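First to last, the sequence lines map onto chains A and B. Take any residue in the first sequence, note its place counting from 1, add 5, and you have its number in the numbering used here. Take any residue in the second sequence, note its place counting from 1, add 86, and you have its number in the numbering used here. Remarks on the structure that follows.
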Amino acid sequence: MNAPIHNKEELLSIARSYVSALEADNAGETARLLADLSNKSESTLYKELGKLTREFHEALNGFKFDDRMSNIAVSEIPDAKERLNFVMTKTEDAAHKTLDGLELVLPKITEIGKTSAALSEQWERFTQRELTPDEFRSLCRNIKDHFAYTKNEINVVQENLNNVMLAQDFQDITGQIIKRVISLVSELEESLVKLVRLGSNLEPDDAKKDNNGSQLDGPQIPGLESNSAVSGQDEVDDLLSSLGF
Amino acid sequence: MKILVVDDFSTMRRIIKNLLRDLGYNNTSEADDGMTALPMLKAGKFDFLVTDWNMPGMTGIELLKEVRQTPEIADIPVLMVTAEQKREQIVEAAQAGVNGYVVKPFTATTLKEKIDKIFERIE
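Right, dumping it as structure tokens:
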């Protein structure tokens, strides 16, 4: 409630008497009335201040400053930093494991392809009756060896591809960790919004996201694209061409 | 041809090295930041620089500018491979003298195209 303790009528009536006393050169009366006006305004002011202070106290208490906030500052945020570091490590490890598997498998596949192609050529010549008996015997040996070779290589390839698949298990763990950090950030956001409301008249919704042109954005996230970002290699190429590249 | 690959993420360096190897470029070295890369470049004999933008010590754009200002290495072709795709960034890189700009995530084809293009221009 904003009703002043002393209503407007009361103050006006004192003010009018004050003016009359002044006009009548009544020094004693003007001094007394001025003091009266001043006292009443002061006490109004003090009472308003007192009310505001009480409201502020109550808001702060509603904040649960002591418990939750200090817990957030002292343990949850350092915790969150460690968790995110862990996410980085986990994803890095998974990527390296995946690359390990692929670096091993890709050359093997290429080799299998090559030897099969070579063998296939020989077989063609055989069907065209272009092989000498010796060459034919050699072809038979090669085919036999090839079966053994591919059987072995394919086993190795399967094993490694399986490992690559298993290495993707990081996503579940990192996903859970990230969820928890998101929830902490939400809580922080709520608390900050309350603080901002308490501290100023500015509605937090008025504070627009600062699209500072010179700050780096990092990867564009769907739904949060900056309107000064291009989308995709083609647009990058277009922009560069337009600059003469 | 000796290539220096600079990125603060080891996985990205590895992927780029693999792609370069597939394209026939086997002589590659790595650095994890502009700060470690610059002395390597100055020590010499690199023919090509592939760099990320966002790095903690010295960013890719700063590295590019340093390279262009250092007479012995000013002419090294530079390919930027980065997630940054704001117009201002691309323009800044172009003005600083970058030879090619690839945005992440990229394909092997794109990387090859841009590298080929850079070397075509030189010949």
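From the three backbone atoms N, C-alpha and C, an ideal C-beta is built for every residue, glycine too. This structure is a prediction, so every number in the text was calculated from the model and none was measured.
{"query": "Other residues of its chain near Ala-182(B): CB distance less than 7 Å, five sequence neighbours each side excluded", "result": "Ile-147, Leu-150, Lys-151 and Arg-154"}
{"query": "Nearest neighbour of Asn-113(B), chosen from Gly-120(B), Ala-169(B), Lys-190(B) and Ile-89(B) [CA to CA]", "result": "Ile-89(B)"}
{"query": "Limits of the unbroken beta strand (DSSP E) element including Tyr-187(B)", "result": "186-189"}
{"query": "Whole-number beta carbon distance between Met-144(B) and Gly-110(B), since they are thought to touch under 8 Å", "result": "Their Cβ separation, rounded to whole angstroms, is 30 Å, which puts Gly-110(B) and Met-144(B) out of contact at 8 Å."}
{"query": "Length of the line joining the Cα atoms of Lys-102(A) and Gln-238(A)", "result": "28 Å"}
{"query": "Close Cβ partners of Val-161(A) (< 7 Å) along its chain, the five nearest in sequence each way excluded", "result": "Lys-113"}
{"query": "For Ser-80(A): DSSP bridge partner residues", "result": "None; Ser-80(A) has no bridge partner."}
{"query": "Length of the line joining the Cα atoms of Asn-165(A) and Asp-177(A)", "result": "21 Å"}
{"query": "Proximity winner among Glu-97(A), Leu-189(A), Ser-231(A) and Ser-43(A), relative to Asn-76(A) (alpha-carbon distances)", "result": "Leu-189(A)"}
{"query": "Residue range of the beta strand (DSSP E) that includes Ala-117(B)", "result": "114-117"}
{"query": "Under 7 Å between C-beta atoms of Ala-180(B) and Met-166(B)", "result": "no"}
{"query": "Within 8 Å of chain A by C-beta, residues of the region 88-103 of chain B in sequence order", "result": "Phe-95, Ser-96, Thr-97, Arg-100 and Ile-101"}
{"query": "Start and end residues, beta strand (DSSP E) containing Phe-134(B)", "result": "134-137"}
{"query": "Whole-number beta carbon distance between Lys-200(B) and Gly-186(B), since they are thought to touch under 8 Å", "result": "4 Å"}
{"query": "Check whether Val-186(A) and Ala-85(A) have beta carbons under 7 Å apart", "result": "yes"}
{"query": "N- and C-terminal bounds of the alpha helix (DSSP H) containing Thr-122(B)", "result": "120-129"}
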